[in-house]
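Enquirer: One structure follows; several queries about it will come next.
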Amino acid sequence: MMNVGVIGCGSIGRDHIERMTNTIAGVQVVGVYDVVNEAAEKSIRDFNLKAKIFADEDNLINSPDIDAVVICSRNDAHLSSVLKTIAADKPVFVEKPLTTSAQDSFAIVSAEVKKQRRYVQVGFNRRYDPGYQQLKQLIDDGEIGALLLANCRHYNTRPATTYYKTDNVINDTLIHELDILRYLFADEYRGIEMRFARPNSLNRAPELQEPQLALIEMNSGALVVVELNVNCQYGYDIQCRLVGETGIVTLPDVATPELRKAGQISHAISDNWTARFVDAYNREFQAFVDSVNANGEPAATPTAWDGYVASVTADAAIQSLHQGGQVSIVLPAKPALYQ
Ligand code: ISE
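Numbering of the sequence shown is given in numbering that gives the first Met the number 0, commencing with residue 0 and proceeding in unit increments.
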């Protein structure tokens, strides 16, 4: 049984505490910490945890009662918690993005490389989503030949938090595609260009400029367009269509009953990503727990290196947003630890 400490008891932290308590085998939450102490107290109450509330993250990370750490704090707080957990020689699951800059993410890669050991699993949950896994299988089986083009839609009903701003469209939202596309294509990025679309007059966030459009070039020359629309009003809508030399594969929608009523044929669409990706979240956590329980290391994927590559690409996307034009993406050699 793995004893976990959770840093960050906001909405995604609560989701993960709940799944580790009620769904995932081989793990229990024994410690929690949040900068807002009431959030930690509330999670203990709401999920009936027999867990200790820590007064700061250092004590939680270094506690002899904690075997592994799950980080669900704000994106800009990830770096120090991850580095401290690596220094304490404990496995760590960190929500996406790994950090909010390539430089910070590289510090995590460097910390692992120095110890010649993998500690970090990044919460790019889509790699564990059955729909995306089916796409990957079809591509790897050669069913549609070499990939030429892709078209993705990443729509949110409304922004995720009150502090969601223009750059969050990249670091919080597009970051999922930045991870899953290089995984599906088994290729790296050559460059990225961002554009703003006509603003949605229903947007209520003052420092948020969107919708945005990403044009991504793979090293192979394949091109990907990602539409980012975080005020779409109607639901949480994730689409991905990949065009190969001999065919097309499309991410399946979540199956919901067909309703025929009042002159309409319709299917419900959720506005909640934790519901949309519940299987993916459960499977990524079970993989983390099983792997740590078996050999002390996180699951094979997604690694700190994957988090770093997404950060390099996100930095380039943000640069393009602010200065315009395509920004090249150049990666250093991948360390042997991640081969
Ligand atoms: C949120 O953090 C997620 O991970 C969702 O999947 C994404 O759609 C949303 O834009 C993010 O804010």
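Cβ coordinates follow ideal geometry from the N, Cα and C atoms, glycine included.
Excluding the 5 residues preceding and the 5 following I179 in the sequence, name in chain order all residues of the same chain whose CB lies nearer than 8 Å to its CB.
Expert: F123, R125, R126, Y131, C239
Enquirer: Taking the runs of the alpha helix (DSSP H) that are 4 residues or longer, which of them lie wholly in the segment 75 to 129?
Expert: 77 to 86, 101 to 114
Enquirer: Let's see if you can read the secondary structure: which residues bound the beta strand (DSSP E) around T249?
Expert: 247 to 249
Enquirer: N202 to N230, Cα distance in whole Å?
Expert: Between N202 and N230, the C-alpha separation is close to 6 Å.
Enquirer: Starting from the Cα of T273, find the closest Cα among Y235, A303, F287 and give me that residue.
Expert: Minimum Cα distance to T273 is reached at Y235.
Enquirer: With distance defined between alpha-carbon atoms, name the residue in L227, Q208, E142 nearest to I247.
Expert: E142
Enquirer: Measuring from the CB of H175, is there a heavy atom of ligand 1 at a distance below 7 Å?
Expert: yes
Enquirer: At a cut-off of 7 Å, is D75 close to ligand 1 when judged by its beta-carbon and the heavy atoms of the ligand?
Expert: No; taking the cut-off as 7 Å, the Cβ of D75 has no heavy atom of ligand 1 nearer than that.
Enquirer: Judging by CA-CA distance, which residue of S290, V31, D252 is the nearest neighbour of P129?
Expert: D252
Enquirer: Just to confirm before moving on: does the CB-CB distance between V93 and G4 stay below 8 Å?
Expert: no
Enquirer: With a CB to CB cut of under 8 Å and the five nearest residues on each side skipped, what residues in its chain are close to G295?
Expert: Its chain contains P90 as the residues whose beta carbon lies nearer than 8 Å to that of G295, once the 5 sequence neighbours on both sides are disregarded; these appear in chain order.
Enquirer: How is the beta strand (DSSP E) around H153 delimited, first residue to last?
Expert: 146 to 154
Enquirer: According to DSSP, is Q318 part of a helix, a strand, or is it coil?
Expert: helix
Enquirer: Would you say V28 and L48 are within 8 Å of each other, going by their C-beta atoms?
Expert: yes
Enquirer: For a quick check, are the C-beta atoms of L343 and V311 less than 8 Å apart?
Expert: In the structure displayed, the chain extends from 0 to 338; residue 343 sits before or after that span and is not available.
Enquirer: Using 8 Å as the threshold, is the segment 170 to 184 in touch with the segment 214 to 233, meaning 3 or more CB pairs across them?
Expert: yes
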